[in-house]
Amino acid sequence: MTGADSGAVRVDQWLWAVRVVKTRTLATQMAKSGHVRINKEPVKPATKVHVGDEVRVRVQGFDKIFVAQKLLKKRVGAPVARTCYEDLSPARPRFYIPVAKREPGSGRPTKRERRQLDKLRGHDPNWDRR
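For the sequence shown, the UniProt record's numbering gives the first residue as 1, with consecutive numbering after it.
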C-alpha cells in the first residue's frame, strides 16, 4: 500500500491517483452518476477500494476495467500509476466512416445531390418543417 493508511481507499480518490480521470471532482461526478462500479456493483464516491477489487469505469460509452494492485491516496506519475492496477479493458472497436468525395472541378453539389447525400447520412429531409 503506497500512501494508504488502511487496507482501503475511496474510489474517487483512487481513480484520480492512478490517473484514470483528470480531476477528483470528475471522478466524484462519475461515481454519483453511476458510471463507476466495484465488483459489478454501482458505488458512491466514498465507497472503499481494496486490493484485488475489479473497478469498472464508463468512459465515452465504453467500459474500462481495472483490477486494483496497489492503493494510492496521492496522485503519482504515469509510470508509477500504471503499476498500481491491471488493465483488463477490451480493445475499443475501430470505426471507419466513409467520406463523400467529389471529382475535382465538378463544382458544388446540386440540390438533388444534396438531398441524396442527406438521405445517405440518415438526415430527415423535413426536420425544419413544423
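Note that the Cβ used here is the ideal one computed from N, Cα and C, for glycine as well.
> What's the call for Ile-38, buried or exposed, on a 16-neighbour Cβ count within 10 Å?
Replying inline: Classification for Ile-38: buried.
> In the DSSP assignment, what residue or residues form a beta bridge with Asp-12?
Replying inline: Paired residue(s): none; Asp-12 is not in a bridge.
> Using the rule of at least 16 other Cβ atoms within 10 Å of the residue's Cβ for burial, across every protein chain shown, is Lys-22 buried or exposed?
Replying inline: By the neighbour-count criterion, in which a residue is buried when 16 or more other Cβ atoms sit within 10 angstroms of its Cβ, Lys-22 is exposed.
> Mind pulling the beta strand (DSSP E) runs of 3 or more residues that sit fully within the UniProt domain "RNA-binding S4" (9-73)?
Replying inline: If only uninterrupted beta strand (DSSP E) runs of at least 3 residues are considered, those enclosed by the UniProt domain "RNA-binding S4" (9-73) are 36-38, 54-59 and 62-68.
> Can the beta-carbon of Arg-19 be found less than 9 angstroms from the beta-carbon of Ala-81?
Replying inline: Yes. Within cutoff.
> Does DSSP put Asp-87 in a helix, in a strand, or in coil?
Replying inline: Here Asp-87 sits in strand by DSSP.
> Counting Cβ pairs, one atom from each stretch, are 3 or more of them under 8 angstroms apart for the stretch 100-117 and the stretch 42-54?
Replying inline: Contact fails between the stretch 100-117 and the stretch 42-54, because fewer than three Cβ pairs, one in each stretch, are under 8 angstroms apart.
>> Can you tell me whether Tyr-96 is buried or exposed? The criterion is at least 16 other CB atoms within 10 Å of its CB, across all chains shown.
In response: It counts as exposed.
>> Taking the alpha carbon of Trp-14 as the reference point, which residue from Glu-103, Gln-69 and Phe-62 has its own alpha carbon closest?
In response: Considering only Glu-103, Gln-69 and Phe-62, the residue with the shortest C-alpha distance to Trp-14 is Gln-69.
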